[in-house]
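Numbering (mature numbering (1 follows the signal peptide of the UniProt record, and there is no 0)), first residue to last: -17 to -1, 1 to 794. Beta carbons: idealized from backbone N, C-alpha and C, even for Gly. Heads up: the structure comes next, in structure tokens.
In structure tokens:
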């Protein structure tokens, strides 16, 4: 009680001289050390000028915060210290008992009480580093780039401590200067800084020291100034993270796999060359601790996009991003392998599951002139399968050649609002005479208006890809215009023109080329409450697209409305229509010299959804949609639930149901004539995530997914021309063949990860992975039900792996 009294009284007295965001904040040099206990008891804290006068960002943007916050900043030769007191007014929410403390793994979102500080140390008005800590002591950090885009993949090693008392809760952050890039020089420095606070108790609000008005596209460029920083010398960041991993396959679906232990070692390193540049190196990286990808049943014509989860390809990747398309999709590096094509009498004896990355390196730099540079290179070793012929002879067959990747990105800032010009280049080279070679070049630019309410993006890119002797070249252009008016109106428009031979997918990701597309959207927001309604929103958009031959494959009209109630329940709904068009992809002829088109009728659809307040022990989000296809209705529903029985345990359950009564879909092309039919599909996808935190450094996470689907085709037709389908099978159907029309798929994946950060930056992982799937249950399991399905899947051959990995950080 005495310690609390000594800390609270001086802070309250200093509040008389509190700084608002318009006047900026002065940092104070700490003459003595700061003991990290979260209590703000050192004399330096009481001498520093506090920042206060926070404003709501949600639910009532621009209204003064209901709960008072005070933040102070100290520094010395090696660290920046941030101390914050989050007051809780007993008249509003019952005092400290309403401080919501959620315990979980670092860098995860949660509906708890948070404090954060965003620092634009280079004062380029475009890039910042955000450090956050919640009332349970869990840390979260990320980078903000392009003025307002967040990248949560960035990780730094820093210290924090929190304390709860009768006045609310307090937080101390100790941030190494080596994590911040700033201009060299002994003289005074000016940085940008902003603070944030989230409350999930009886008073639910998100507040900032400075809130950007609606209609303003900026964020970092609007930060208040932090002054008083003198005598600082940039600190270089040098980190070495060697690892040792041991893996064993307990069960396997491949008869040639053995079950011996496999050891692997590698190194991740990071060198800060100076105040503005850094090199990252990864030798023989291992990503066994990364959560497995969620299984997807892809019956469509577009490649499934899987998000990047590997640390090396996450951190610092903001430098390589181009406005618009994903010209660099890092999942291309080290991707999975398929079984080779076998000849008569041949059998597969062994093959790797994926290509191995030998080494990868990246260089990133942000110069005081406003120039940003990123350079990345990676080498993937060749992969070979062991084949045995009918005579018993064994030999190796190449599955993937030695492949090298390179990416270069350069940006030049034009002003302090985030406008820039940029250039991008990437390349992929496969060894060998039949190896594939691909190159992508692009220029892009962003202009933000003086008041930051308007934005123009433009990108022009070129690709050259294919085998060395037969490469194809293609172009793509994109223009985007965005205008926000402070009266609540938002206008968005895009135009895209991509050639048919445009193909960035050796190093990037694009779901389609060969298009001329126009898109326009108009949205109206209302921020002020109206009766029991808080924020309201209505919108309308229209998309029209055709290929380069002039065939319209998409015309869509769509509208929606959304509102939040005073009890924080949200409700939304909408609908639209896909107007009659010519589908150029469904018949799988888009690689042919002349494409075949499938005529589509006009198809209406509607959707409705709601969710409950996120701070409650049980959170529910429901979304349902219905569309009307050629052979009947199609219904999709998803229920997402979060249960928080204790502050340390969280359970997430997602259940998705899909039922199509008769969508016109491609079945096969046995000769030269595509066959289509009305496809009836029933699918359930259920995933469970359980996380328990003993403390922020020791956590256990479980992920389990069961996916089941049955589908069949009726009313078969064959293609005649772009406007005509004829009943039955085509005349060129091979004699004595009838296409299979009933299909099934079941899979069960499980991933258990134990993580212990035994010292800052050093971790031990124990991982168990299980996977089983089958497509042979259609005759036994016409219905979809988890209990019998899982009973069958448990008896099937599976891939079960256990892995232990330890990494130790040296600085």
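Exercise. Go through its chain and collect everything with a Cβ distance to residue 378's Cβ below 7 Å, but skip five positions before and after it.
Key: If the five residues before and after residue 378 are omitted, its C-beta is found closer than 7 Å to the C-beta atoms of 370, all from its own chain and listed in chain order.
Quiz prompt | residue 203 versus residue 110 - alpha carbon distance | solution = Just so you know, the alpha carbons of residue 203 and residue 110 end up roughly 7 Å apart.
Practice problem: Use the C-beta contact count for residue 766: other C-beta atoms within 10 angstroms, 16 or more gives buried, fewer gives exposed. | Solution: By the 10 Å Cβ count, residue 766 comes out exposed.
Practice problem: Classify residue 17 as helix, strand or coil using the three-state DSSP reduction. | Solution: In the structure shown, residue 17 falls within a coil segment according to DSSP collapsed to helix, strand and coil.
Practice problem: For residue 116, I'd like the list of residues in its chain whose CB is within less than 8 Å of its CB, leaving aside the five on either flank, ordered along the chain. | Solution: Answer for residue 116: 97, 98, 99, 122, 123, 143, 145, 154, 156, listed in chain order.
Practice problem: Label residue 690 either buried or exposed according to how many other C-beta atoms from any shown protein chain fall within 10 Å of its C-beta, with 16 as the threshold for buried. | Solution: Around the beta carbon of residue 690, a 10 Å sphere encloses 16 or more other beta carbons of the protein chains shown; the residue is thus reported as buried.
Quiz item: Should residue 52 go down as buried or exposed, given a rule of 16 or more other Cβ atoms within 10 Å for buried?
Solution: Residue burial is scored here from C-beta neighbours: residue 52 has at least 16 other C-beta atoms within 10 angstroms and is therefore classed as buried.
Exercise. Identify whether residue 254 lies in helix, strand or coil by the three-state DSSP scheme.
Key: Residue state, collapsed to three classes: strand.
Quiz prompt | Cα-Cα separation between residue 538 and residue 645, rounded to whole angstroms | solution = About 21 Å.
Self-check item: Simplified DSSP state of residue 192, which is helix, strand or coil
Solution: In the three-state reduction of the DSSP assignment, residue 192 falls in the coil class.
Self-check item: Supposed contact pair residue 782 and residue 234 - C-beta distance, whole angstroms, cut 8 Å
Solution: The Cβ separation is near 7 Å, so the contact holds.
Quiz item: What separation, rounded to the nearest whole angstrom, lies between the Cα atoms of residue 581 and residue 409?
Solution: Per the coordinates, the alpha-carbon of residue 581 lies some 35 Å from the alpha-carbon of residue 409.
Exercise. Tell me, please, which residues DSSP counts as bridged to residue 525.
Key: Paired residues: 503, 540.
Quiz item: Taking the Cβ atom as the reference point for each residue, do residue 443 and residue 426 lie within a distance shorter than 8 Å?
Solution: It is a contact, given that the beta carbons lie within the stated cut-off.
Quiz item: Taking C-alpha atoms, which residue in 661, 654, 640, 636 lies nearest to residue 648?
Solution: Among 661, 654, 640, 636, the Cα nearest to that of residue 648 belongs to 661.
Practice problem: Determine the direct distance from the alpha carbon of residue 501 to that of residue 445, and round the result to whole angstroms. | Solution: About 20 Å.
Self-check item: Residue burial classification, residue 114 (beta-carbon count within 10 angstroms, cutoff 16)
Solution: Buried, because 16 or more other Cβ atoms sit within 10 Å of the Cβ of residue 114.
Quiz item: Does the Cβ of residue 340 have 16 or more other Cβ atoms within 10 Å, making it buried, or fewer, making it exposed?
Solution: With 16 or more Cβ atoms within 10 Å of its Cβ, residue 340 is classed as buried.
Exercise. Consult DSSP for residue 302 and reduce its assignment to one of helix, strand or coil.
Key: Helix, per DSSP.
Quiz item: Leaving out five residues before and five after residue 717 in sequence, what residues of the same chain have Cβ atoms less than 8 Å from its Cβ?
Solution: Hits under 8 Å: 653, 654.
Exercise. For residue 28, name the three-state secondary structure that DSSP assigns.
Key: Helix, per DSSP.
Quiz item: Where does residue 772 sit, in a helix, a strand or coil, going by DSSP?
Solution: The DSSP-derived three-state label of residue 772 is helix.
Quiz item: Contact check, residue 588 vs residue 558 under 8 Å by CB: the rounded distance?
Solution: That belief holds up - the Cβ atoms of residue 588 and residue 558 are roughly 6 Å apart, short of 8 Å.
Exercise. Spatial neighbours of residue 496 within its chain, please: CB distance less than 8 Å, with the 5 preceding and 5 following residues excluded, ordered by chain position.
Key: Cβ neighbours of residue 496 beyond the five flanking positions: 457, 459, 481, 482, 483, 484, 485, 486.
Self-check item: First through last residue of the beta strand (DSSP E) which encompasses residue 666
Solution: Element bounds for residue 666: 658 to 678.
Quiz prompt | Unbroken beta strand (DSSP E) run spanning residue 91, endpoints | solution = Here residue 91 belongs to no beta strand (DSSP E), and DSSP marks it neither H nor E.
Quiz item: Where residue 175 and residue 792 are concerned, what is the direct C-alpha to C-alpha distance, given to the nearest angstrom?
Solution: One Cα belongs to residue 175, the other to residue 792, and the distance between them is close to 30 Å.
Quiz item: Cα separation between residue 789 and residue 268?
Solution: The straight-line gap separating the alpha-carbon atoms of residue 789 and residue 268 is approximately 13 Å.
Exercise. Tell whether a beta-carbon distance below 8 Å holds between residue 215 and residue 165.
Key: Yes, the pair counts as a contact, with Cβ atoms nearer than the cut-off.
Practice problem: Pull up the distance between the alpha-carbon of residue 140 and that of residue 101, whole angstroms please. | Solution: So the two alpha carbons sit approximately 16 Å from each other.
Quiz item: With a CB to CB cut of under 6 Å and the five nearest residues on each side skipped, what residues in its chain are close to residue 625?
Solution: The beta carbon of residue 625 is closer than 6 Å to those of 602, 635 in its chain, skipping five residues each way along the sequence.
Exercise. Please list, in chain order, all residues of the same chain as residue 362 whose beta carbon is under 6 Å from its beta carbon, the five residues on each side excluded.
Key: Answer for residue 362: 341, 342, 387, listed in chain order.
Self-check item: Burial state of residue 743, where buried means 16 or more other Cβ atoms lie within 10 Å
Solution: By the neighbour-count rule (16 or more Cβ atoms within 10 Å), residue 743 is not buried but exposed.
Self-check item: Beta-bridge pairing of residue 225 - partner residues as DSSP gives them
Solution: Answer is 250, bridged to residue 225.
Exercise. For residue 714, count neighbouring C-beta atoms within 10 Å of its own C-beta (all shown protein chains included) and say buried if the count is 16 or more, exposed if not.
Key: By the neighbour-count criterion, in which a residue is buried when 16 or more other Cβ atoms sit within 10 angstroms of its Cβ, residue 714 is exposed.
Quiz item: In or out: residue 431 buried (at least 16 other Cβ within 10 Å) or exposed?
Solution: Taking all protein chains in view, the Cβ of residue 431 is crowded by 16 or more other Cβ atoms within 10 Å, so the residue is classified as buried.
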